[in-house]
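Enquirer: These protein sequence lines are chains A and B, in that order. Under our numbering, the first residue of the first sequence carries the number 375, and numbering increases by one thereafter. Under our numbering, the first residue of the second sequence carries the number 184, and numbering increases by one thereafter. Mind having a look at this structure? Questions to follow.
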Amino acid sequence: MKIGAPLVELKNVSMVYGSGQNAVKAVDDLTLTLHKGEFIAVVGPSGCGKSSMMKLISGLMPVASGSLTLEGKPISGPINKVGMAFQASNLLPWRTATDNVLLPLEIVQPHRSQMGSKREEYRDKARALLESVGLKGFTEKFPWQLSGGMQQRTSICRALIHEPEILMLDEPFGALDAFTREELWCIMRDLHAQKGITALLVTHDLREAVFLCDTVYVMSDRPGKIVKIQKVDLPRPRDIEVTYTQHFQELVQELRSHIGRH
Amino acid sequence: MQKFKETVLAPFLFVVALFVLWELICRGFSIAPTILPSPSDIWVAMVRYWDPIVSNSWQTLFTTLAGFGLAIVFGLLLGVFIGWSKTIYGALYPVMIAFNAVPKVAVVPILILWFGIGTVPAILTAFLISFFPIVVNVATGIATTEPELRDVLRALGASKLDIMRKVGIPRSMPYFFGSLKIAITLAFVGSVVSETVGSNAGLGKLMLDAQAAFKVELVFAALVALAVLGIVLYAITAWVEKRMTGWAHRGDNQGV
Ligand SMILES: Nc1ncnc2c1ncn2[C@@H]1O[C@H](COP(=O)(O)OP(=O)(O)OP(=O)(O)O)[C@@H](O)[C@H]1O
Ligand SMILES: [Mg+2]
């Protein structure tokens, strides 16, 4: 995967929740560039403002100062070019996996107005996407009939169905067991390779960050700013075996030494 | 088979046993039928007064259902309205609590003053008393939508109305149908109370008249009619709840 031109640029961005006395500065002086096709990870102590940064980039929260641009244009509101997945899969329990994946298409134009006439076509697309992440035979099941890992895969498919420019993942594998997590790493790696999407991953798992990403940003305690940028030079495609190599371990340890006051 | 035993046979036998015990006590201690009529006395009264009991039951059923219907319509509307935004929720919630704290029986005389003795106050009492749980449940269901899910949709450019239609309202449906069981019971209480205070028809009125005429066995016969009606109404709404929100009862039929 070639890394292209800058897609999202944050320059000295700060962000505040609330106002007056109750104001909480969540991120401060944050500078970060996400290039087209790049897979980056943001790691940092709990509460340092990682999720808040996601809200900034997706246009859900305004910046307090600094500049935030997408393809050179300032982001001032929801940009509908993002797909998001969180630690909790947040699937709608009254919809099957396929229909859950379909949800963004019911919102985003031009699909929204074509929903009536092209519904089956869209369904097929959703099914194909679900099958590509190993959910063949489960596409018509309801969320509660799926395992945690399967729900999370469905949630990632939902984030991808409308072919977003940026995939934003906020600790998407945090609630999964170690084996399922590694399985999903590989699925994520393949999705990234096939679709050439740009992705931003927030995680607490440094191995996950190094395995999946091209660049890892380490954030400081709240208010978060970037204290370390680590390029990951491991060649792609990466196998899970790469995680046992000396170089991989060194990268992880290097990152670890920059996190928190421990 | 086990299930049949638990849910049908056991309660049935218990009720029969209760009536037998009641009959035995009345006969054994020769309790005057003017104090506590025995089940057989009540049965005789039911057969004898069958026509008035049936016609007044219809009246009570009608006022209950009319009030309940109004409660559903306004409860849903107001619930969605309150769940719409935190501000509206904050503004209306205390008022709603205050309103609910007023014993509705106290409102009946006012309703009678305004609408005269008759069907309307009974319907309105049923409505006023039963719509509160519907509002609160619908509003709660909507207001507790997961913030992450909201974010996912908002980031796609979804309007508030979109989020309401795709997530808020469907997700509040189990809360809504759950509240119907409580609401129908309350509506029923409201109708009967109103009929007892001032009305010219209905089981409440029938009981009042029977009491004035000292026909104790008729009072009890009407009470039995009320119990039957109440159980039927509850059972119907419980069944509707189960049918409409199967997805919320996940796992009920698992692990066998
Ligand atoms: N809606 C909000 N209102 C006010 N303050 C908030 C809000 N959301 C987050 N904060 C505050 O902003 C800071 C950053 O929160 P954020 O959720 O971005 O952290 P995070 O890095 O994602 O943490 P974690 O790793 O635990 O998920 C925290 O101190 C939090 O208390
Ligand atoms: Mg977070």
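Virtual Cβ for every residue (Gly too), placed ideally from N, Cα, C.
(1) Using the C-alpha atoms, what's the distance from residue 365(B) back to residue 316(B)?
(2) Is the CB of residue 458(A) under 8 Å away from at least one CB in chain B?
(3) With 9 Å as the C-beta to C-beta threshold (strictly closer), list the residues of the stretch 540-561 of chain A near chain E in chain order.
(4) Could you check whether the Cβ of residue 397(A) sits closer than 8 Å to any Cβ belonging to chain B?
(5) Would residue 503(A) pass as a contact of residue 531(A) if the rule is Cβ separation under 8 Å?
(6) Return the chain-ordered list of same chain residues with a C-beta closer than 8 Å to the C-beta of residue 439(B), the five sequence neighbours on each side being excluded.
(7) For residue 589(A), I'd like the list of residues in its chain whose CB is within less than 6 Å of its CB, leaving aside the five on either flank, ordered along the chain.
(8) Inspect the CB distances between the stretch 422-436 of chain A and the stretch 573-586 of chain A and report whether three or more fall short of 8 Å.
(9) Assess, as a yes-or-no matter, whether the stretch 286-296 of chain B is touched by the stretch 387-396 of chain B under the definition of 3 or more beta carbon pairs within less than 8 Å.
(10) Ligand 1 and residue 424(A): does the residue's C-beta get closer than 7 Å to at least one heavy atom of that ligand?
(11) With distance defined between alpha-carbon atoms, name the residue in 222(B), 380(B), 265(B) and 412(B) nearest to residue 321(B).
(12) Consider the Cβ of residue 433(A): report whether some Cβ of chain B lies at a distance smaller than 8 Å.
(13) Can you name, in chain order, every residue of its own chain whose Cβ lies under 8 Å from the Cβ of residue 621(A), other than the five neighbours on each side?
(14) Helix, strand or coil for residue 383(B)? Go by DSSP, reduced to three states.
(15) Given that residue 481(A) touches chain B, what residues does it touch there, using C-beta distances under 8 Å?
(16) Using the beta-carbon count (16 or more within 10 Å), is residue 553(A) buried or exposed?
(17) Does the Cβ of residue 337(B) have 16 or more other Cβ atoms within 10 Å, making it buried, or fewer, making it exposed?
(18) Any heavy atom of ligand 1 inside 7 Å of the beta-carbon of residue 420(A)?
(19) Across the stretch 351-365 of chain B and the stretch 269-276 of chain B, are there enough close Cβ pairs to call them in contact, namely three or more that are closer than 8 Å?
(20) Name, please, each residue of chain A whose Cβ falls closer than 7 Å to the Cβ of residue 332(B).
(21) So, for residue 518(A): in the same chain, excluding its five sequence neighbours on each side, which residues have a beta-carbon less than 8 Å away from its beta-carbon?
(22) According to DSSP, what are the bridge partners of residue 383(A)?
(23) Work out the CA separation of residue 244(B) and residue 310(B) for me, nearest whole Å.
(24) Using a beta-carbon distance cut-off of less than 8 Å, what residues from the stretch 419-452 of chain A approach chain B?
(25) Just to confirm, are residue 137(B) and residue 325(B) a CB contact at a threshold of 8 Å?
(26) Can you check which of these residues, 376(B), 250(B) and 210(B), is closest to residue 289(B) by C-alpha distance?
(27) Along the chain, where does the alpha helix (DSSP H) containing residue 324(B) start, and where does it finish?
(28) Which word fits residue 582(A), buried or exposed, when buried means at least 16 other C-beta atoms lie within 10 angstroms of its C-beta?
(29) With a Cβ-Cβ cutoff of 8 Å, do residue 447(A) and residue 540(A) count as a contact?
(30) Check whether the Cβ of residue 353(B) lies closer than 8 Å to any Cβ atom in chain A.
(31) Just to confirm my understanding: we take residue 550(A), look at its own chain, exclude 5 residues before and 5 after, and list those with CB closer than 8 Å. What are they?
(32) I'd like to know whether the C-beta atoms of residue 314(B) and residue 254(B) end up nearer to each other than 8 Å.
(33) Between 356(B), 409(B) and 427(B), which has its C-alpha nearest residue 259(B)'s C-alpha?
(34) Just verifying my parser: in three-state terms, what is the DSSP assignment at residue 393(A)?
(35) Is there a Cβ of chain B sitting closer than 8 Å to that of residue 484(A), yes or no?
(36) Counting only Cβ pairs nearer than 8 Å, list the residues of chain A close to residue 329(B).
Expert: Concretely, from the data shown:
(1) 7 Å
(2) yes
(3) The chain inventory of the structure shown lacks chain E, comprising the protein chains A and B.
(4) no
(5) yes
(6) Note that residue 439(B) has pLDDT 34, beneath the 50 cutoff, so the model's placement of it is unreliable and no number is given.
(7) 414 and 605
(8) yes
(9) no
(10) yes
(11) 265(B)
(12) yes
(13) 608
(14) coil
(15) 336, 339, 340, 341, 345 and 349
(16) exposed
(17) buried
(18) yes
(19) no
(20) 464
(21) 467
(22) 407(A) and 443(A)
(23) 13 Å
(24) 429, 432, 433, 434 and 452
(25) Absent from the model: residue 137(B). The displayed extent of chain B is 184 to 439, so no value can be given.
(26) 376(B)
(27) 302-326
(28) buried
(29) no
(30) yes
(31) 522, 523, 526 and 558
(32) yes
(33) 356(B)
(34) coil
(35) no
(36) 462 and 464
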